[in-house]
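A short worksheet on the structure shown next.
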Amino acid sequence: MINLTVKIGGEAGFGIMTTGLFLGKIATRSGYHAFEYTEYPSLIRGSHNVVGVRISDEKTYSQEEKVDVLLCLNADTYKRHISEMKQGGMVVYDRDKTDINSIKDENRADLVYVHVPFAKILQEGAFPTVMLNNIAMGALMYLIGADFGILKNLISENFIKKGEEVINKNVNASQMGYDKARESDTEGYKVKIPKKESISSRMYLSGNEAVGLGTLAAGCKFYVAYPMTPASALLHYLAAKAEKSGMVVKHAEDEISVINMALGASWAGVRSMVGTSGGGFALMVESVSLAGITETPIVIAMVQRPGPATGMPTWTEQGDLLFIVHAGHGEFPKIVLSPGDVGEAYQLTTEAFNLADKYQTPVFILSDKYLQEGKQSIDRKEIEEYKFDINRGKLLTAEKLEVLPKGGYKRYLLTEDGISPRAIPGLPNSLQQANSYEHIEDGHTTEDAQERIKQVDKRNRKIRTYLSADFKMPQLFGPKDAELTIVSWGSMKGPVLQAMQDCGNKFNYLHFTHLWPLDKEKVSQVLKSLRKTLLVENNSTAQLGQLLQMVTGVELDNKLLKYSGRPVFPEEILARIKELGIG
Amino acid sequence: MMETTNPNVFAGYFPTWCPGCGDFGIWASIKGALAKLGYSPEEMAVVFGIGCSGNMNDFLWVDSFHALHGRAVPNAVGIKIANHKLPVLAIAGDGDCYGEGGNHLIHACRGNHDITILVHDNRVYGLTTGQVAPTGLKGFKAKSTPQGVIEVPVNPVALAITQGATYVAQGFAGDINHLTDLIVEGVKHKGLSLVNVFQPCVTFNHVTTYAWYRERLYKLTVQNHDPKDMKKALDKSLELDAHIPIGLIYKSERPTYTDCLPQISKETLVDAGLGFTKDDSSAMLQKFVPEFL
Ligand SMILES: Cc1ncc(C[n+]2csc(CCOP(=O)(O)OP(=O)(O)O)c2C)c(N)n1
Ligand code: SF4
């Protein structure tokens, strides 16, 4: 079995991020699975960037802690990551720039060192420093036996707008990298990834891109945001596609404006979405409650990063679950969905828009930096063959409004399922008031006790309707009757499934995607049926654990919590289950 | 659009404002303006802020969105982007629009969004019982500033002109006909219109009363002002004391925000969205999946 992790590190400005994308795509196009995770500080230049790509012929659910090939574009990369090397791993470096002997770890005689004269190549070819990435990629192609033609294609695709000359220059740079690596080490690394004979068609994309694709496919026409890592890439993706897709993408003056513009557009009849991270979302909270009482659909992509306050902007955490579940003053229904991988990110995004329209209330896509900025290869079918309807719920068409008696439309009509027919302003017979004050059926303000109770009950009935019609129970992965069940949510699906694959299915996994509201009876039943449990979360206070306990009263036995700003590694899960006597 | 509608089609509940409140005059002017424009109550969208001003939501029967305190402007911008064929009016208080939501005003002006913002400038927070508003005169004493407010008032007219609004007018709640015309022209104007309306609050503001304004206000005409000249308009915006102008202060032409969006030149976003089917969904994937292969 092939399992290869390559880490490439250097200063910002070397084009490190592109090497990750290229390597992931080369692996994917060669018929392998790939998983990429980048680590970078919240600075623009002169800082350490590193990208890790795991390549395997089995499905890659997450990165691994240990590294096969470390490509050092500076000495810092070596110092920071040498401790992560696997036995017999390979270090690629430039002897002319980095005096490895003076910093060499004496205890790691097992490592193989390969010198590639990056600086000299730059000089000889008169290449600018930004092309260091393609030189490095060329060298790597040789060392891991990958198909150089695919790299050439990627370079052409990447620079198609810049013309032949730029393409050729970059291809030459990588060719020189390739040749010099061969001169230095004819054997290359022991693990190779030649292009496979038959290749199933896979996509390689990030969580942000998957949510973006879902947004386009769901017919969302208005996306508003204020830049905030790690949600900015979603803004950038959609903004780049706006004209071609017919969508309007607005960078508004602040997050309060962001959500209020989206609510205005949604009330006017357009599927609307906002995206942000914790701090930006904190500014939106009052308006989430506005969406609740005015019953205006809205999809909120909430991409977590470690807080509090500015926290660690470019790192990862699952620290906002309870904040999101409880966000907004007053009581109103709210739906929280959380994808575990890029396939789910796409699928749940399309579902979020349907649910927002159906229940006329805020719907969250709650994810984190690890999923949204990480890239994964997935089967195209997970996106292209995923079937869904465009369900706009009880949105009234002009024809339906016409047949109502004149002035007979009631925006907040009391109904059995709690959902009132929705008319959009500007249509004949749509006369209505969406009201942030408590209101009677026709939208006029009220402070009457009975009317208040009726509207609160009506809104709350939407929760009941959702639980019976659209709530999805957590999915169980792995053997049905395992001795141990890991319980988790969101991006932790990756490391958990990776650990499961790596240990040969010694446990099973209960994965929550539909986090709020929860069906008390059904979820209690499942939790009570489990034998030994291990809760895995990327936070310090076991927020899913708390939520489950609040709803069901069940407390899970064991916990693995990580809150260093880094994702959980499968190795850490395997170590923990060993402690629990499994495996 | 119809000829002229009957202003009474816009009447909702009878207002709960204090007898004599300037809001009655503004209410009459808005109804009159909508009638003059020939709109039916479903041919436009009105967003209300929160305040005595915003309470008009129940007294004016039109397609409306009663927003949060301070947020009427971004809601109005969103509605306009969604359906740029729909006339959009935002009605707010001075606390609402110049305090809590001040940032939104600046950026709405920059975007020249084709909406009309009408602000009830009573220099106090009426609904929360009379604290000083951002337009309150320096030294104004109220419950939250018993020693007199230290800050100087904001200058909404100068602010709007300098930030990119293309129609800036000032009216008086005590002159309904004059105000009606300013609103009509503001709504007709393509671009961001701000109509700042001096509104006596008979309960909490005993300084800037009807009489105070009547002594000071004078009307701008073609004879005494050229609203196309930004420098002259700024001069007018600085007349805040002995003589205060009402009328059209500044007007210019600039493409609106939605004029600059080629993707909605053929149909509004609402229409595009309402017509969106499963087939369009597949077409989106066909267009946007290949880059990930
Ligand atoms: C976020 C928020 N803060 C405070 C309030 C309380 N509040 C309601 S209206 C108002 C001020 C009203 O003053 P203004 O906007 O000038 O309108 P007026 O009542 O004078 O017409 C305040 C502070 C609120 N509703 N929401
Ligand atoms: S408090 Fe002032 S602004 Fe409010 S209704 Fe009374 S007079 Fe009008």
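Sequence order for the protein chains is A and B.
Position one of the first sequence corresponds to residue 731 (this note's numbering), numbered consecutively onward.
Position one of the second sequence corresponds to residue 6 (this note's numbering), numbered consecutively onward.
Here a beta-carbon is modelled for each residue, glycine too, at the ideal position from N, C-alpha and C.
Can you pull the chain B neighbours of Ser1348 of chain A, defined as C-beta to C-beta under 8 Å?
Outside the displayed span of chain A (731 to 1313) sits residue 1348 of chain A, for which this structure offers no information.
Is there a C-beta anywhere in chain B that falls below 8 Å from the one on Gly918 of chain A?
no
Taking the alpha-carbon positions, what's the Met6 of chain B to Leu993 of chain A distance?
For Met6 of chain B, the predicted structure reports a pLDDT of 45, less than 50, and the residue's modelled location is therefore unreliable. The matter cannot be settled from this model.
Any beta-carbon of chain B closer than 8 Å to the one on Thr1271 of chain A?
no
What are the partner residues of Arg932 of chain A, as DSSP defines its beta bridges?
A:Asp1109
If I measure Cβ to Cβ from Arg759 of chain A and keep anything under 6 Å in the same chain, skipping five residues before and after, which residues do I get?
When the five nearest sequence neighbours on each side are left out, the beta carbons in the same chain lying within less than 6 Å of the beta carbon of Arg759 of chain A are those of Ile880, in order along the chain.
Could you please give the first and the last residue of the uninterrupted beta strand (DSSP E) stretch that includes Lys305 of chain B?
Residue 305 of chain B is absent from the structure shown; chain B starts at 6 and stops at 298.
Considering Pro161 of chain B, what are the terminal residues of the alpha helix (DSSP H) in which it resides?
161-168
Helix, strand or coil for His981 of chain A? Go by DSSP, reduced to three states.
strand
Can you pull every residue whose C-beta falls closer than 6 Å to some heavy atom of ligand 1, listed in chain order?
Checking every Cβ against the heavy atoms of ligand 1 under 6 Å gives B:Ile55, B:Gly56, B:Cys57, B:Ser58, B:His74, B:Gly98, B:Asp99, B:Gly100, B:Asp101, B:His125, B:Asn127, B:Val129, B:Tyr130, B:Gly131, B:Leu132, B:Thr133, B:Ala138.
With hydrogens ignored, establish whether the beta-carbon of Cys23 of chain B is closer than 7 Å to any heavy atom of ligand 2.
yes
Less than 8 Å between CB atoms is the rule here; does Asn11 of chain B satisfy it with respect to chain A?
no
Run through chain A and tell me which residues come within less than 7 Å of Met289 of chain B, C-beta to C-beta.
Leu946, Ala947, Ser975, listed in chain order.
Can you determine whether any heavy atom of ligand 2 sits closer than 7 Å to the C-beta of Cys265 of chain B, and answer yes or no?
False, no ligand heavy atom lies under 7 Å from that Cβ.
For the beta strand (DSSP E) holding Met1003 of chain A, just list the boundary residues, first then last.
Note, Met1003 of chain A: beta strand (DSSP E), 1002-1006.
Take Asn210 of chain B and list the residues in its own chain whose beta-carbon comes closer than 7 Å to its own, dropping the five residues that flank it on each side.
Hits under 7 Å: Asn127, Arg128, Val129.
In the region 960-987 of chain A, which residues sit with their C-beta less than 8 Å from some C-beta in chain B, listed in chain order?
Lys971, Ala972, Glu973, Lys974, Ser975, Gly976, Met977, Val978, Lys980, Ala982, Glu983, Asp984, Ile986, Ser987
Does the Cβ of Met958 of chain A have 16 or more other Cβ atoms within 10 Å, making it buried, or fewer, making it exposed?
buried
For Leu266 of chain B and Ile989 of chain A, what's the separation of their Cα atoms in angstroms?
20 Å
Express the C-alpha separation of Trp997 of chain A and Ala1153 of chain A in angstroms, rounding to a whole number.
9 Å
Please report the distance separating the alpha-carbon of Lys143 of chain B from that of Ile122 of chain B.
25 Å
Along the region 991-1002 of chain A, where does the CB come closer than 7 Å to a CB of chain B? Name the residues.
Met991, Ala992, Leu993, Gly994, Ala995, Trp997, Ala998, Gly999, Val1000, Arg1001
Considering only the alpha carbon of each residue, which of B:Ser286, B:Ile249, B:Leu298 lies closest to Arg932 of chain A?
Comparing C-alpha distances from Arg932 of chain A to each of B:Ser286, B:Ile249, B:Leu298 shows the shortest one belongs to B:Leu298.
If you follow the alpha helix (DSSP H) that Lys755 of chain A is part of, which residue opens it and which one closes it?
746-759
Leaving out five residues before and five after Pro46 of chain B in sequence, what residues of the same chain have Cβ atoms less than 7 Å from its Cβ?
Val14, Phe15, Trp66, Val67, Asp68
Report yes or no: is there a C-beta of chain B within less than 8 Å of the C-beta of Ala1164 of chain A?
Under the 8 Å criterion on CB atoms, Ala1164 of chain A is classed as interfacial with respect to chain B.
Counting only Cβ pairs nearer than 7 Å, list the residues of chain A close to Gly278 of chain B.
Gly949, Lys951, Gly999, Val1000, Arg1001
Report yes or no: do the region 1026-1042 of chain A and the region 1080-1092 of chain A share at least 3 C-beta pairs separated by less than 8 Å?
Judged by Cβ distances under 8 Å, the region 1026-1042 of chain A makes contact with the region 1080-1092 of chain A, as three or more pairs qualify.
Using a beta-carbon distance below 8 Å, is Ser286 of chain B in contact with chain A?
yes
Determine, for Gly1037 of chain A, whether the minimum Cβ-Cβ distance to residues of chain B falls below 8 Å.
no
Roughly how many whole angstroms lie between the Cα atoms of Lys3 of chain B and Ser1150 of chain A?
Any answer about residue 3 of chain B is impossible in this case: the structure gives chain B only from 6 up to 298.
Of the residues that make up the region 255-278 of chain B, which ones have a beta carbon closer than 8 Å to any beta carbon in chain A?
Leu266, Pro267, Gln268, Ile269, Leu274, Val275, Ala277, Gly278
For the region 107-118 of chain B, list every residue whose C-beta sits within 7 Å of some C-beta in chain A, in sequence order.
Asn108, His109, His112
Express the C-alpha separation of Tyr1293 of chain A and Thr263 of chain B in angstroms, rounding to a whole number.
45 Å
Taking 8 Å as the threshold (beta carbon to beta carbon), is Lys283 of chain B in contact with chain A?
yes
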